[in-house]
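Throughout, my numbering is defined as the position within the sequence shown, counted from one, plus 29. Built from N, CA and C at the ideal position, the CB exists for glycine as well. Source: prediction; values computed, not measured.
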Amino acid sequence: MNTYDTADSDEHPMLSRLIKLGLFLLAQGIAVMLVAFVALLVSFGTSWSATTEQASLLQPGDARSGTLLLKEDGATTEAIRLGIDIDITVSGPTLRTRVTQAFRNPTKDWVEATYVYPLATNGAVDTLKMVVGDRVIVGDIKERQQARVIYKQARSAGQKAALTEQERPNIFTNSVANIGPGETVLVQIEYQEPVHQSGNEYSLRVPLVVAPRYNPAPIVQSVDFRNDGSGWGAATSDPVPDRERISPTVLDPARNAPANPTSITVRLKAGFALGEVKSHHHSVKIESPDNATRIVTLADGAVPADRDFELTWKPAAQKAPSVGLFREHVGDADYLLAFVTPPSAEQATQKPLPREVVFVIDNSGSMGGTSIVQAKASLLYALGRLQPADRFNVIRFDDTMDVLFPASVPADAAHVGEATSFVSALQARGGTEMVPAMRAALTDKIGDTGMVRQVVFLTDGAIGNEQQLFETITAMRGRSRVFMVGIGSAPNTYLMTRASELGRGAFTHIGSVEQVEERMRGLFAKLENPAVTGLSAKFSEATADVTPAIIPDVYRDEPLVLAARLDKLAGSLEIKGRVGDRPWSVTLPLQNAAEGKGLSKLWARRKIGDAEVARTMREMTPEEADKAILALALDHQIVTRLTSLVAIDKTPSRPEGEPLKLSELPINLPAGWDFEKIFGERPQLVPTQLRERHADARNQPAARRPTPAAPDAIRLPKTATSAELKMIGGLVLIVLALILFVFNRRQPLLTDAA
Numbered sequence: 030m031n032t033y034d035t036a037d038s039d040e041h042p043m044l045s046r047l048i049k050l051g052l053f054l055l056a057q058g059i060a061v062m063l064v065a066f067v068a069l070l071v072s073f074g075t076s077w078s079a080t081t082e083q084a085s086l087l088q089p090g091d092a093r094s095g096t097l098l099l100k101e102d103g104a105t106t107e108a109i110r111l112g113i114d115i116d117i118t119v120s121g122p123t124l125r126t127r128v129t130q131a132f133r134n135p136t137k138d139w140v141e142a143t144y145v146y147p148l149a150t151n152g153a154v155d156t157l158k159m160v161v162g163d164r165v166i167v168g169d170i171k172e173r174q175q176a177r178v179i180y181k182q183a184r185s186a187g188q189k190a191a192l193t194e195q196e197r198p199n200i201f202t203n204s205v206a207n208i209g210p211g212e213t214v215l216v217q218i219e220y221q222e223p224v225h226q227s228g229n230e231y232s233l234r235v236p237l238v239v240a241p242r243y244n245p246a247p248i249v250q251s252v253d254f255r256n257d258g259s260g261w262g263a264a265t266s267d268p269v270p271d272r273e274r275i276s277p278t279v280l281d282p283a284r285n286a287p288a289n290p291t292s293i294t295v296r297l298k299a300g301f302a303l304g305e306v307k308s309h310h311h312s313v314k315i316e317s318p319d320n321a322t323r324i325v326t327l328a329d330g331a332v333p334a335d336r337d338f339e340l341t342w343k344p345a346a347q348k349a350p351s352v353g354l355f356r357e358h359v360g361d362a363d364y365l366l367a368f369v370t371p372p373s374a375e376q377a378t379q380k381p382l383p384r385e386v387v388f389v390i391d392n393s394g395s396m397g398g399t400s401i402v403q404a405k406a407s408l409l410y411a412l413g414r415l416q417p418a419d420r421f422n423v424i425r426f427d428d429t430m431d432v433l434f435p436a437s438v439p440a441d442a443a444h445v446g447e448a449t450s451f452v453s454a455l456q457a458r459g460g461t462e463m464v465p466a467m468r469a470a471l472t473d474k475i476g477d478t479g480m481v482r483q484v485v486f487l488t489d490g491a492i493g494n495e496q497q498l499f500e501t502i503t504a505m506r507g508r509s510r511v512f513m514v515g516i517g518s519a520p521n522t523y524l525m526t527r528a529s530e531l532g533r534g535a536f537t538h539i540g541s542v543e544q545v546e547e548r549m550r551g552l553f554a555k556l557e558n559p560a561v562t563g564l565s566a567k568f569s570e571a572t573a574d575v576t577p578a579i580i581p582d583v584y585r586d587e588p589l590v591l592a593a594r595l596d597k598l599a600g601s602l603e604i605k606g607r608v609g610d611r612p613w614s615v616t617l618p619l620q621n622a623a624e625g626k627g628l629s630k631l632w633a634r635r636k637i638g639d640a641e642v643a644r645t646m647r648e649m650t651p652e653e654a655d656k657a658i659l660a661l662a663l664d665h666q667i668v669t670r671l672t673s674l675v676a677i678d679k680t681p682s683r684p685e686g687e688p689l690k691l692s693e694l695p696i697n698l699p700a701g702w703d704f705e706k707i708f709g710e711r712p713q714l715v716p717t718q719l720r721e722r723h724a725d726a727r728n729q730p731a732a733r734r735p736t737p738a739a740p741d742a743i744r745l746p747k748t749a750t751s752a753e754l755k756m757i758g759g760l761v762l763i764v765l766a767l768i769l770f771v772f773n774r775r776q777p778l779l780t781d782a783a
């Protein structure tokens, strides 16, 4: 018993100490592992927050293919992405276009996306659909201010909402509210448009990018009210009051991948056997189900939205039909669309009238790149076509202006040679002060009524103060006729068509150097041949509201296009005019009209255009014009400057209290444009101060020409330290701690064991 007790008491202290040591080592190990786990978690957490806080913080060089980056507060963030699909169905004389915009939110925030985009100038926008998951929400036409109030209320309530507004007849804005993290919202708009015809060729044009507009600086007068209470003061005026709404951010192509990928499909049903079908600026694949149908798609799939899409087609026969008559019955009215191409006058039987031609060429910064090459080539071709009996002058403008000769001079070899040298030396630079150049061109110093006076104006039309130009033409056109030549990959077709309409001329577009000779030859066919004048239209039995109200002159190879609203489809339509010095007439029986689509929309859109022209020409007061436009827009459900489309999802989606971020989607620079010619040398950060082209761009070199950004100019937040380095450092420290721990415990352990 004593022996057992003694042995037990001798061994127990050693066992106790070993158990205590084991428990101590286990506790230390658990503590070390907990510290290591926390260190690694912090390392991962920092990295995660740096890449997903609000939006991904990235370097431009680290972006995936197709990633769109925006710079904000010195950091680069991944922006809302946009994909565009355009589907066009051509049905004889009209076409229906559906544009689907996919707004995808790659961030973890709730966002509102806004996107400025172009549409066809003559298009009647009448449909808006918003697709959210499996739900389709159809938009309604409302007065513009009412639609905006409805949209803002839905946005505040957390409901998904879409708003389509017209800024110009060819510039629209889509706003989409409450797109959730990782969500995609589809917005579809549709519009109706007439097919364009010129001679033997039919065409459609789809604008894909809004070119940066030059907006003249506002004229601000100081307000100084006297103390005598008379109430007199000064006014403030701005030639472009909506400059912010038509000036989206433009991506620098040298620093950003192209944005807004676009796919296009055209279902061409011409109504006659087709010959050549050609895309002028995009590679396409063409399928031929039958001799009157073509399916056209982009050969390269989706392409950047940086240039207009232009498709032309010709009939298989030698000549296109010279007349076309189409009808549509809507409500209690019949709508008619008539195409009539007058015969060409035989030049051999007439002696051409001598002409005074004033050429105006835009050499502003937006014409840099390939545009100035096209413009100069076009003008040099035109100078070579002048006849000895003609007189001419040349005006060039940017934000300054030069008139080559004090007055128009004979088109002899010496003067044409001097003009050729002048044009060849032009370089693109500066702003686009178009109005003074138009005033100079319309100033008639000769006043010879025996000469035909023509103004040929070559420009991309990239200005925001279109209305000032229209008013100038209206006030000063006199006996002049204005022919607009649109230059480049994305001309302002609204400005071109309206200016040529007010100037009683025609519009020609040149989209590439290869088109210069062909298109300028067509323009000179108009300049050198007499127009069909004195046109009138009369219905034998039906009471008709015809547009255009005042039928313009028609030039060689151009059809006269009339739209009418009839009380009944009966009797005939007689069109009269003069081809040169000879009378001409044609009678169209209305019972021969074929079924057409969307004619009521086209009639209403053209009536709205008539009201806008009448307002510009002071034939209607602004109040009368607005009243007529609003009534037509609401009756026919069309987007105008006074009406908008709004679609609201009744179910709230954004949780209450979650903030909403605004994301303005940038656009591409039009193809062929020179970024530095417009915005100056590339700045260190995104040029938010250069979102529009100011009149003072050349007078502030310090603000407009900063030094180029260094490669590391975009700095990430300090919280975005490399996770990998921190993990390695943490592991090294853990190993060192274990080694030190074992070394420090080694001596006490051996002593206790002894």
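If you draw a straight line from the C-alpha of residue i to the C-alpha of residue j, how long is it?
i: A149; j: I218; result: 13 Å
i: I579; j: R634; result: 16 Å
i: A328; j: V295; result: 13 Å
i: R197; j: F512; result: 21 Å
i: A321; j: G121; result: 10 Å
i: V432; j: N422; result: 8 Å
i: Y243; j: L365; result: 39 Å
i: G330; j: R336; result: 15 Å
i: E624; j: V359; result: 12 Å
i: L719; j: F708; result: Unreliable placement is indicated for L719, whose pLDDT of 35 sits below 50; the coordinate value is still reported in the next sentence. If you take the alpha carbons of L719 and F708, they lie about 6 Å apart.
i: A788; j: T291; result: Residue 788 lies beyond the range of the chain shown here (30 to 783); nothing can be said about it.
i: K343; j: L602; result: 27 Å
i: V445; j: L408; result: 11 Å
i: R420; j: R384; result: 6 Å
i: A654; j: A640; result: 5 Å
i: L564; j: S614; result: 9 Å
i: A528; j: V642; result: 10 Å
i: M467; j: G534; result: 14 Å
i: A660; j: P651; result: 14 Å
i: P740; j: A283; result: Any reading at P740 is ruled out, since the residue's pLDDT is 32, under 50, leaving its predicted position unreliable.
i: I763; j: R164; result: 55 Å
Confirm, please, whether the CB-CB distance from residue j to residue i is below 9 Å.
i: A190; j: I516; result: no
i: I424; j: A454; result: no
i: I604; j: I637; result: no
i: E222; j: L663; result: no
i: A240; j: N289; result: no
i: T501; j: R647; result: no
i: D363; j: R508; result: no
i: P681; j: A346; result: no
i: V561; j: V485; result: no
i: V279; j: V214; result: no
i: V386; j: L340; result: no
i: I474; j: S450; result: The question names Ile, yet the displayed sequence has Lys at residue 474. No. Outside cutoff.
Among the options, which one has its Cα closest to the Cα of residue i?
i: Q188; options: E194, E196 and I179; result: I179
i: P581; options: L589, D574 and E194; result: L589
i: T136; options: G209, G606 and L192; result: G209
i: S308; options: A302, D596, P318 and L297; result: L297
i: V235; options: L698, G476, D114 and V160; result: D114
i: E570; options: K656, K597 and V561; result: K597
i: E705; options: G398, I475 and V583; result: G398
i: G459; options: V369, S232 and G394; result: G394
i: A206; options: S541, M159 and T478; result: M159
i: K555; options: V583, V387, R272 and A573; result: V583
i: Q497; options: D267, T123 and Q175; result: D267
Count the C-beta pairs between the stretch 656 to 673 and the stretch 152 to 159 that are closer than 8 Å, then say yes if the count reaches three, no if not.
Taking 8 Å as the limit for Cβ pairs, the verdict is that the stretch 152 to 159 does touch the stretch 656 to 673.
Okay, do the stretch 516 to 532 and the stretch 338 to 356 touch, 3+ Cβ pairs below 8 Å being the bar?
No: the two stretches stay apart, fewer than three of their Cβ pairs being nearer than 8 Å.
What residue ranges within the stretch 509 to 535 form continuous beta strand (DSSP E) runs of no fewer than 3 residues, ordered along the chain?
Those beta strand (DSSP E) runs which fall completely within the stretch 509 to 535 and span 3+ residues are 510 to 516.
As an exercise, report each continuous alpha helix (DSSP H) stretch of at least 4 residues that is fully enclosed by the stretch 597 to 685, in chain order.
Within the stretch 597 to 685, the complete alpha helix (DSSP H) segments at least 4 residues long are 628 to 645 and 651 to 665, listed from N- to C-terminus.
With contact counted as at least three CB pairs below 8 Å, one residue from each stretch, are the stretch 129 to 146 and the stretch 689 to 701 in contact?
Short answer: they touch.
Give, in chain order, every unbroken run of the beta strand (DSSP E) that is at least 3 residues long and sits entirely within the stretch 282 to 322.
Listed in chain order, the beta strand (DSSP E) runs fully inside the stretch 282 to 322 are 290 to 298, 303 to 308 and 313 to 319, counting runs of at least 3 residues.
Uninterrupted beta strand (DSSP E) stretches inside the stretch 195 to 223 (no shorter than 3 residues)
Those beta strand (DSSP E) runs which fall completely within the stretch 195 to 223 and span 3+ residues are 200 to 208 and 213 to 223.
Quick one: which unbroken beta strand (DSSP E) runs of 3-plus residues sit fully inside the stretch 411 to 483? Chain order, please.
Qualifying beta strand (DSSP E) stretches, in chain order: 420 to 426 and 430 to 432.
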